[in-house]
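The listed protein sequences correspond, in order, to chains R and X.
In this text, residue positions in the first sequence follow the working numbering: the first is 110, and each later residue adds one.
In this text, residue positions in the second sequence follow the working numbering: the first is 26, and each later residue adds one.
What follows is one structure encoded as structure tokens, with my remarks underneath.
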Amino acid sequence: MSALSRDEVAHVAMLARIQLTDAELDRLAGQLDQIVGFVATVGEIAADDTPPMSHPLPLENVTREDVVRPSLTPEQALAAAPKAQAERFAVPRILDED
Amino acid sequence: MTDYTRMTAAEIAAALASGDTTSVEVTQAHLDRIADVDGDIHAFLQVDAEGALAAAKAVDDARAAGEQLGALAGVPIAVKDILATKGLETTAGSKILEGWIPPYDATVVSKLRAAGMPILGKTNMDEFAMGSSTEHSAYGPTRNPWDPERIPGGSGGGSAAAVAAFEAPLAIGTDTGGSIRQPASVTGTVGTKPTYGGVSRYGIIALASSLDQAGPCTRSVLDAALLHEVIGGHDVMDSTSIDAPVPPVVEAARRGDVSGMKIGVIKGISGEGFQPGVKQLFDESVQLLVDRGASVVEVECPSFEKGLAAYYLIMPSEASSNLARYDAMRYGLRVGPEGVDSPSAEQVMAATREAGFGDEVKRRVILGTYALSAGYYDAYYGQAQKVRTLIARDFAAAYEKVDVLVTPTAPTTAFKLGEKLDDPMAMYLNDVATIPANLAGVPGMSIPNGLAAEDGLPSGFQILAPATKDERLYEVAAALEAALHDKWGAPILAQAPALAGKAAG
Numbered sequence: 110m111s112a113l114s115r116d117e118v119a120h121v122a123m124l125a126r127i128q129l130t131d132a133e134l135d136r137l138a139g140q141l142d143q144i145v146g147f148v149a150t151v152g153e154i155a156a157d158d159t160p161p162m163s164h165p166l167p168l169e170n171v172t173r174e175d176v177v178r179p180s181l182t183p184e185q186a187l188a189a190a191p192k193a194q195a196e197r198f199a200v201p202r203i204l205d206e207d
Numbered sequence: 026m027t028d029y030t031r032m033t034a035a036e037i038a039a040a041l042a043s044g045d046t047t048s049v050e051v052t053q054a055h056l057d058r059i060a061d062v063d064g065d066i067h068a069f070l071q072v073d074a075e076g077a078l079a080a081a082k083a084v085d086d087a088r089a090a091g092e093q094l095g096a097l098a099g100v101p102i103a104v105k106d107i108l109a110t111k112g113l114e115t116t117a118g119s120k121i122l123e124g125w126i127p128p129y130d131a132t133v134v135s136k137l138r139a140a141g142m143p144i145l146g147k148t149n150m151d152e153f154a155m156g157s158s159t160e161h162s163a164y165g166p167t168r169n170p171w172d173p174e175r176i177p178g179g180s181g182g183g184s185a186a187a188v189a190a191f192e193a194p195l196a197i198g199t200d201t202g203g204s205i206r207q208p209a210s211v212t213g214t215v216g217t218k219p220t221y222g223g224v225s226r227y228g229i230i231a232l233a234s235s236l237d238q239a240g241p242c243t244r245s246v247l248d249a250a251l252l253h254e255v256i257g258g259h260d261v262m263d264s265t266s267i268d269a270p271v272p273p274v275v276e277a278a279r280r281g282d283v284s285g286m287k288i289g290v291i292k293g294i295s296g297e298g299f300q301p302g303v304k305q306l307f308d309e310s311v312q313l314l315v316d317r318g319a320s321v322v323e324v325e326c327p328s329f330e331k332g333l334a335a336y337y338l339i340m341p342s343e344a345s346s347n348l349a350r351y352d353a354m355r356y357g358l359r360v361g362p363e364g365v366d367s368p369s370a371e372q373v374m375a376a377t378r379e380a381g382f383g384d385e386v387k388r389r390v391i392l393g394t395y396a397l398s399a400g401y402y403d404a405y406y407g408q409a410q411k412v413r414t415l416i417a418r419d420f421a422a423a424y425e426k427v428d429v430l431v432t433p434t435a436p437t438t439a440f441k442l443g444e445k446l447d448d449p450m451a452m453y454l455n456d457v458a459t460i461p462a463n464l465a466g467v468p469g470m471s472i473p474n475g476l477a478a479e480d481g482l483p484s485g486f487q488i489l490a491p492a493t494k495d496e497r498l499y500e501v502a503a504a505l506e507a508a509l510h511d512k513w514g515a516p517i518l519a520q521a522p523a524l525a526g527k528a529a530g
């Protein structure tokens, strides 16, 4: 089945915040369509009453005492930042100009 | 002169304990070997000679001072580049993390340091552990020491190749769908994926959090057990870590007894699509276990055939979420979009991820985003989670009848570099036998079980045990390893071709 069009791949890539070139779109769209056709076969065997399993272990909430512990200094936390200013991460604008 | 690079970790540990050598001498021997052959193999992304030798000297000094040391103290090790190493560049094989120096160690790395194990360097891998061949590394592929024109498996091809090429006696890998076991299979090494939660994931760069598991890459079953005991155990920094003692794996590896054990052969996982030579070696290995007192039971695991499809929905879905952190804001690469004077954070993010991620990562992140998107969630991700339940039920039913399950680890021996690079589906099929263990969280191990008749390349034998019963892997693997060594007269790697190294110019 053809599940995933080139336009849909472009749309999903935008949702995933990945800019794609036209050549990449051409290549990935065909491959992803084939992969989606394959993975869609999961729908063939699981009955409606089968419970979903998200994790191999029973998960428990883990809490810790609310005490001050050693952690990274501001210098360590910012050391790998692309840009830092006044002990803060400097990021591109997040609001539209208008 | 003793060639320390040809010794197992257990042999090196014994030589260190008896004072026959020093950790500095052994570590230097491995650094020399890396300098000699890694130009041909490219198992390492970073070699930390200075750090390794300093750690080696520290452990030698401690031993001289009469301090109580661990079983592997002084034995050098290589670490997959997906584990954070304080002060040592960690990239996960990606350009987006090029130059990142972690300010902390992964728990596994802390444990290696505490055990006095010098870290030789960081090994190559498929970008963010996505791949079965190490061709998806942003820093170029690793080559298989058995044939440099072939892949070393993936995603932990660097760790497996380092061990197979005698550049390191031990290495750490991570296994999300087979990334320790499949490289072990195609390089003639031993690879173990412990029970999910048996080894801390803190500080391991996340691919798919419900599947990822770190484990040992070694040349012998006993070495794997010794390393498993060093890195295993509960960690308060990882909420998915099992709060129970490490299973008695070293004791089991030393015992290596299968008499009275029931071995389950999974119908359908060892037949169609498997290379004839791989299938033949598998059947011979099962017979060796029978000769040593085990009985064989054929078991049905009908949902396993859908495991691959379920995996390639769950893993990309979790990856798309985990890799959202590479947003160019706090660390890693930042790229401004071309022709935009004052780009927004969103534009910078998209341009950075375009420039920083390779094809396979883009494919899987987009696939995961699609599977999790409104309108498709139930049909894809939700259904895949149900298949996961069915696979766990298959395992539970099988373990009511048998002690362990066995399969060939990979369908084929090492394929040629480039052969499957443009065909993602063909690449994904490599993981068909290893994936069910990750989906269910059970432990698995691959040990070398011979050279396939048609190409003379290594094949792997996979053992799968119930969750938290890791010691059974070692018990069966050690028995088979002993039987195979009797047959061959030496470990399989003794038959690997010599690498030309620097002498070849």
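All C-beta atoms in this analysis are idealised placements derived from N, C-alpha and C, irrespective of residue type, glycine included.
With respect to the 8 Å criterion, D73 of chain X and G146 of chain X are classified as neighbours on the basis of their beta carbons. Against chain R, the beta carbon of S264 of chain X has neighbours under 9 Å at L168, E169, N170 and V171, listed in chain order.
Judged by DSSP secondary structure, M340 of chain X falls within the alpha helix (DSSP H) whose first and last residues are G332 to N347. When DSSP states are grouped into helix, strand and coil, N170 of chain R belongs to the coil group. When rounded, the separation of the alpha-carbon atoms in L397 of chain X and L252 of chain X is 38 Å. In this structure E479 of chain X is exposed. Its beta-carbon is surrounded by fewer than 16 other beta-carbon atoms within 10 angstroms. In the DSSP assignment, V151 of chain R falls outside any beta strand (DSSP E), carrying neither H nor E. For F486 of chain X, the enclosing beta strand (DSSP E) starts and ends at P483 to L489. One finds S367, S369 and A370 in chain X with Cβ atoms closer than 7 Å to the Cβ of R202 of chain R, taken in chain order. The three-state secondary structure of I460 of chain X, taken from DSSP, is helix. Excluding its 5 nearest sequence neighbours in each direction, D63 of chain X has C-beta neighbours in its own chain below 7 Å: F69 and E192, listed in chain order. Under the 8 Å Cβ criterion, the region 149-158 of chain X counts as touching the region 373-386 of chain X, having at least three qualifying pairs. Those residues of the region 141-152 of chain R placed with their C-beta closer than 9 Å to a C-beta in chain X are L141, Q143, I144, V145, F147, V148, A149, T150, V151 and G152, ordered along the chain. Within chain X, no residue has its beta carbon less than 8 Å from that of P183 of chain R; the closest one is some 11 Å off. Listed along chain R, the residues sitting closer than 8 Å to V390 of chain X by beta-carbon distance are A125 and I127.
In this structure, DSSP gives E323 of chain X an extended state, which the three-state scheme calls strand. Contact annotation: in the region 213-240 of chain X, residues whose CB is within less than 7 Å of a CB in chain R are Y221, G222 and S235.
Within the region 93-166 of chain X, the complete alpha helix (DSSP H) runs of at least 4 residues fall at 132-139. The beta-bridge partner set that DSSP reports for S471 of chain X consists of X:G216 and X:Q487. Under the criterion of beta carbons closer than 8 Å, I197 of chain X and P241 of chain X qualify as touching, at roughly 7 Å. Residue contact check for K387 of chain X against chain R: a CB pair falls below 8 Å. Using a Cβ-Cβ cut-off of 8 Å, Y499 of chain X does not count as an interface residue toward chain R, since no Cβ of chain R sits closer than that to its own.
Counting C-beta atoms within 10 angstroms of its own C-beta, Y402 of chain X has fewer than 16 neighbours from the protein chains shown and is therefore classed as exposed.
A distance of 8 Å or more separates the beta carbons of G165 of chain X and H259 of chain X.
Note that the C-beta distance between G257 of chain X and V224 of chain X is below 8 Å. When secondary structure is reduced to three states using DSSP, P241 of chain X falls in the strand class.
In the same chain as I107 of chain X, and ignoring 5 residues on each side of it, the C-beta atoms closer than 7 Å to its own belong to A117, M150, A154, T199, I229 and I230, in chain order. Between S114 of chain R and chain X, the shortest Cβ-Cβ separation is not below 8 Å.
The closest CA to that of P483 of chain X, considering only X:A40, X:S162, X:S328 and X:R175, is found on X:R175. Closer than 7 Å at the C-beta level to chain R, one finds these residues of the region 95-127 of chain X: W125 and I126. Judged by DSSP in its simplified three-state form, S48 of chain X adopts helix. Annotated three-state conformation of K512 of chain X is helix, per DSSP. Using a Cβ distance threshold of 8 Å, G222 of chain X and T159 of chain X do not count as a contacting pair.
Classified as buried, E506 of chain X has 16 or more neighbouring CB atoms from the shown chains inside 10 Å of its CB. Taking every protein chain shown into account, the CB of P522 of chain X has fewer than 16 other CB atoms within 10 angstroms, so this residue is exposed.
Rounded to the nearest angstrom, the gap between the Cα atoms of P516 of chain X and H510 of chain X is 6 Å.
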